[in-house]
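One structure below.
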Amino acid sequence: MPSIDVGGVRMAYSDRGAGPVLLLVHGFPLDHTMWDGVARRLEDRCRVISPDLRGYGASSLGDVDADGGVPMHRYADDLAGLLDALRIDGPVVYAGFSMGGYIGWQFFRRRRDRVRALAAIDTRAAADDEQTRNMRLHVARHVMEWGAERVAEAMLPKLFSADALRDRADLVERTVAVISGADPRAIAAAQIGMAARPDMRGLLPTIDVPAAVIVGEDDAISTPAEMRAMADAMPNARYTEVAGAGHMAPVEEPAAVAEALAALVL
Ligand code: MLT
359 MPSIDVGGVR MAYSDRGAGP VLLLVHGFPL DHTMWDGVAR RLEDRCRVIS PDLRGYGASS
419 LGDVDADGGV PMHRYADDLA GLLDALRIDG PVVYAGFSMG GYIGWQFFRR RRDRVRALAA
479 IDTRAAADDE QTRNMRLHVA RHVMEWGAER VAEAMLPKLF SADALRDRAD LVERTVAVIS
539 GADPRAIAAA QIGMAARPDM RGLLPTIDVP AAVIVGEDDA ISTPAEMRAM ADAMPNARYT
599 EVAGAGHMAP VEEPAAVAEA LAALVL
């Protein structure tokens with residue numbers, strides 16, 4: 359897997375296919391492999407770039423902010439830096455899953471010139487409530503002693519649909535392995551960054567590029583009701599609910615997610 363220096367961070371990325379660029383940004387605390395099924399279905403139609411965010415997969419963490427966190431806008435700047443480093447000059451289709459979606463709002467806000475179309479997948483625009491924020495800071499404080507396995511255990515019931523948890527051991531085990539292998543320092547950094555993220559609902563009416571809002575019908579983290587409201591607030595968004603999928607819709611039902619993305623790419 360190739361990697362490239364982006365402002366002192368060694369960023370690893372998968373790069374397949376040719377043509378218009380589709381940037382697939384993974385969620386927390388995952389890596390680019392969550393996109394394998396989606397990328398495979400689109401790489402004959404476009405150039406699919408799926409990086410590992412700093413600290414995840416094969417990418418280095420680099421430095422973190424004084425509070426130990428990496429705010430969403432820093433991940434966004436890393437992605438713009440990656441495009442620069444790869445000499446991709448034109449705007450791209452940005453598709454972000456969950457934390458990748460939180461980063462997407464910042465990417466759009468800071469680098470509107472870089473966005474041809476935007477997909478928000480199983481994600482949220484609102485900030486956390488106090489309970490969630492406190493939970494994130496608690497995890498950030500303790501994950502070094504707990505280890506990432508405990509994070510995987512705690513997250514699992516909310517990630518997949520009940521059907522997938524029962525019948526798709528292959529998908530579930532692969533995801534547990536990725537989370538369990540994550541660097542606890544990167545987990546803490548992202549939790550602190552996510553806890554501090556602002557309410558971005560005010561940005562939604564300004565997202566005038568073609569957009570897709572995609573959600574698993576059983577998503578317990580970013581619910582269909584919340585995501586439909588997001589789509590309604592965006593001037594140019596198409597809403598897709600993926601039947602039978604939970605939060606991890608791109609992993610559970612990659613064909614449906616790829617089809618919704620293809621409409622933006624072509
Ligand atoms: C993710 O999938 O990226 C996380 O569930 C996001 C979050 O913790 O809010």
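When you read off a place in the sequence shown, starting at 1, and then add 358, the result is the number in my numbering.
By construction, the Cβ of each residue, glycine as well, lies at the ideal position given by its N, Cα and C atoms.
Source: prediction; values computed, not measured.
I want to know whether the segment 398-418 touches the segment 363-379 - three or more CB-CB distances under 8 Å. The segment 398-418 makes contact with the segment 363-379; the number of CB pairs closer than 8 Å reaches 3 or more.
Just verifying my parser: in three-state terms, what is the DSSP assignment at F386? For the purposes of this step, residue 386 is taken as residue 28 along the sequence shown, with counting starting at 1. Residue state, collapsed to three classes: coil.
Near A540, what residues of its chain come up, given a Cβ to Cβ distance below 6 Å and the 5 sequence neighbours on each side ignored? As a first step, residue 540 is located in the sequence shown; it is residue number 182 there, counting from the start. P387 and A506, listed in sequence order.
If you compare alpha carbons, which of D576, V600, V623 and M558 is closest to P568? One-based indexing of the sequence shown puts residue 568 at position 210. Answer by Cα proximity: V623.
So, helix, strand or coil for M369, using DSSP? The residue given as residue 369 occupies position 11 in the sequence shown. Residue state, collapsed to three classes: strand.
Can you name the start and end residues of the alpha helix (DSSP H) that F518 belongs to? Your numbering for residue 518 matches position 160 in the sequence shown. No alpha helix (DSSP H) holds F518; DSSP gives it neither H nor E.
Looking at the structure shown, is T598 part of a helix, part of a strand, or coil, going by DSSP? One-based indexing of the sequence shown puts residue 598 at position 240. T598: strand per DSSP, three-state reduction.
Identify every residue that forms a DSSP beta bridge with D486. The count along the sequence shown starts at 1 and reaches residue 486 at position 128. DSSP, once it has assigned bridges, lists no residue as partnering D486.
Verify whether the separation of the beta carbon atoms of G454 and A546 is less than 8 Å. Looking up residue 454 in the sequence shown gives position 96. Looking up residue 546 in the sequence shown gives position 188. Cβ distance not < 8 Å, so G454 and A546 don't count as in contact.
Nearer than 7 Å: is that true of the beta carbon of H431 relative to any heavy atom of ligand 1? Taking the sequence shown and counting its residues from 1, the one referred to as residue 431 is at position 73. For ligand 1, not one heavy atom lies less than 7 Å from the Cβ of H431.
When the distance is taken between beta carbons, is D480 closer than 8 Å to D577? As a first step, residue 577 must be located in the sequence shown, where it is residue number 219. As a first step, residue 480 must be located in the sequence shown, where it is residue number 122. With contacts defined by Cβ atoms closer than 8 Å, D577 and D480 form a contacting pair.
Which one or two residues does DSSP pair with V571 in a beta bridge? Your numbering for residue 571 matches position 213 in the sequence shown. Per DSSP, A478 and Y597.
Between which residues of its own chain and E611 is the CB-CB distance below 6 Å, once the five residues before and five after are set aside? As a position in the sequence shown, residue 611 is number 253, starting the count at 1. Answer for E611: V600 and A603, listed in chain order.
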